[in-house]
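So in the numbering used here, spot 6 of the sequence shown is number 7, and the numbers just go up one at a time. Using N, Cα and C, we set each Cβ at its ideal position, and we do this for glycine too.
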Amino acid sequence: MNFDRVKTEDNSFTLYSDEYKQHYHSIHGACTESRHIFIDLGLKSIDKDEISVLEVGFGTGLNAILTYEENIIQGKKIFYHGIDVNPVSKEVFMQMEFEKFLSDKKTDFSLFYDNWNLEVNLNDKFVLLKQVVDLQLFTTERKYDVIYFDAFSPEVQPEMWSVETFKKLSTLLLTGGILVTYCSKGLVKENLRNSGFIVKRFPGPPGKRHVLRATKF
Ligand SMILES: C[S@@+](CC[C@H](N)C(=O)[O-])C[C@H]1O[C@@H](n2cnc3c(N)ncnc32)[C@H](O)[C@@H]1O
2 MNFDRVKTED NSFTLYSDEY KQHYHSIHGA CTESRHIFID LGLKSIDKDE
52 ISVLEVGFGT GLNAILTYEE NIIQGKKIFY HGIDVNPVSK EVFMQMEFEK
102 FLSDKKTDFS LFYDNWNLEV NLNDKFVLLK QVVDLQLFTT ERKYDVIYFD
152 AFSPEVQPEM WSVETFKKLS TLLLTGGILV TYCSKGLVKE NLRNSGFIVK
202 RFPGPPGKRH VLRATKF
C-alpha cells in the first residue's frame, strides 16, 4: 500500500491513497475540515456528560486526536472506538506530525497508534479503542452517541454509502444519536433518509459547500 504525505492549505498534513486515488482529508485544510465536521457539528452537539464515539475509517487518527484535545476543555467522559480495515503504518502515522495538536505534552502521543484491540486510558476522561476490522463485518454490543463517518467517497466506495450500510450504522446508534460526514451528495442524503435518519445540511469547511448531520429517530 502506498501513501504520499501532502501538505494542505492550513499547513496540516494529509495522505494521498494510491489505491483509492483520493486524499484522506480536504486539501483545503485537513485539520480545519476535521474540526468543523467532526468536532463542531458532531461532538459538540452531544449534550451529555458521557459520550461514546464510533469513527468509521480511523486512518491517521486525526479525528481522535482532535476529539481528545477538545475534551481537555469539555472535561466529559469519552469512549472513542475507531475502526479501520486498513490502518496506516506507524511510520506514516508519525510522519503526519499531529502531535502538535496536543496541548498537554504529558500525553503519550504514541498511544493514539499503539495497542490496537485494547481499551487504552489516555487520561482519566478518555478511553481509546482501535480495531482493525471491515465495517461490513463489524459487530458489537455497544451503542454510540455519535458516528464520525469518514470512509472514502461514494464514487470509489459506493457500498459504504448504501442503505444497507446506513441501516447497520443506525442500529449502532442510540435513539437521538447522530452521524456526521463530509459528503452531502443527493444519493447519500436519500440513502440516509431511507435508513431511518433525519438529515440536515450545514455549511462546509473551506472548499466544500455542505456537510451532513443525520439524526437517528
Ligand atoms: C478518508 S480516509 C479516513 C481518514 C481518517 N478519518 C483520518 O482522519 O485520517 C478513509 C479510511 O476508511 C478506511 N476504510 C475504508 N473502507 C473501510 C471499511 N470497509 N471498514 C473500515 N474502514 C474502512 C480506510 O482504510 C481509510 O483509513
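- What is the C-beta distance between Y183 and I38, in whole angstroms, given that I count them as a contact (C-beta under 8 Å)? Yes, Y183 and I38 are in contact; Cβ-Cβ is about 5 Å, under 8 Å.
Using beta-carbon positions only, say whether G60 and D125 come within less than 8 Å of one another. Cβ distance not < 8 Å, so G60 and D125 don't count as in contact.
**Message:** What residue range does the alpha helix (DSSP H) around A215 cover?
**Reply:** No alpha helix (DSSP H) holds A215; the beta strand (DSSP E) holding it covers 211–217.
Given S185 as reference, the closest of K77, S154, E56, G197 once Cα atoms are compared
Checked all of K77, S154, E56, G197; the closest Cα to S185 is S154.
N-terminal and C-terminal residue of the alpha helix (DSSP H) that F133 is part of = It is Val, not Phe, that sits at residue 133 in the sequence shown. First-last for V133: 127–133, but that is the beta strand (DSSP E), not the alpha helix (DSSP H).
Roughly how many angstroms lie between the CA atoms of E34 and M95, to the nearest whole one?
Distance between the alpha carbons of E34 and M95: 20 Å.
Got a sec? Which residues, its chain only, sit under 6 Å from Y17 by beta carbon, not counting five neighbours each side? These residues qualify, in order along the chain: D5, V7, H24.
Own chain, CB closer than 6 Å to M97, minus 5 neighbours either side, in chain order: Residues F14, T61 of the same chain have their beta carbon placed closer than 6 Å to that of M97, with the five preceding and five following residues left out of the count.
Q: Decide if L55 is buried, meaning its Cβ has at least 16 other Cβ atoms within 10 Å, or exposed.
A: In summary, L55 is buried, with 16 or more beta-carbon neighbours lying within 10 Å of its beta-carbon over all protein chains present.
Every unbroken alpha helix (DSSP H) within the segment 101–159, with a cutoff of 4 residues, ordered by chain:
Here no run is fully enclosed.
- Which word fits K22, buried or exposed, when buried means at least 16 other C-beta atoms lie within 10 angstroms of its C-beta? Answer is exposed; the Cβ neighbour count stays below 16.
Which residue wins for smallest C-alpha separation from F167, given the options F203, G177, L136, E142? Among F203, G177, L136, E142, the Cα nearest to that of F167 is on L136.
> If you follow the alpha helix (DSSP H) that S53 is part of, which residue opens it and which one closes it?
Replying inline: Taken as a continuous stretch (DSSP letters only), S53 belongs to no alpha helix (DSSP H), being part of the beta strand (DSSP E) at 51–57.
Discussion item. Taking 7 Å as the limit between beta carbons, can you name the residues of its chain near D85, skipping five residues before and five after?
Written reply: Contacts found: G58, F59, G60, V133.
For ligand 1, is there a heavy atom less than 7 Å away from the beta-carbon of M95? For ligand 1, no non-hydrogen atom lies closer than 7 Å to the CB of M95.
Measure the Cβ-Cβ separation of K190 and L213 and say whether it is below 8 Å. Taking C-beta atoms as the reference points, K190 and L213 count as a pair closer than 8 Å.
- Task: Check the DSSP bridge columns for P204 and list the partner residues they point to.
- Result: According to DSSP, which records beta bridges pairwise, P204 is partnered with H211.
Requested in this report: Report buried or exposed for I148, applying the criterion of at least 16 other Cβ atoms within 10 angstroms of its Cβ.
Outcome: Buried, by the Cβ-count rule.
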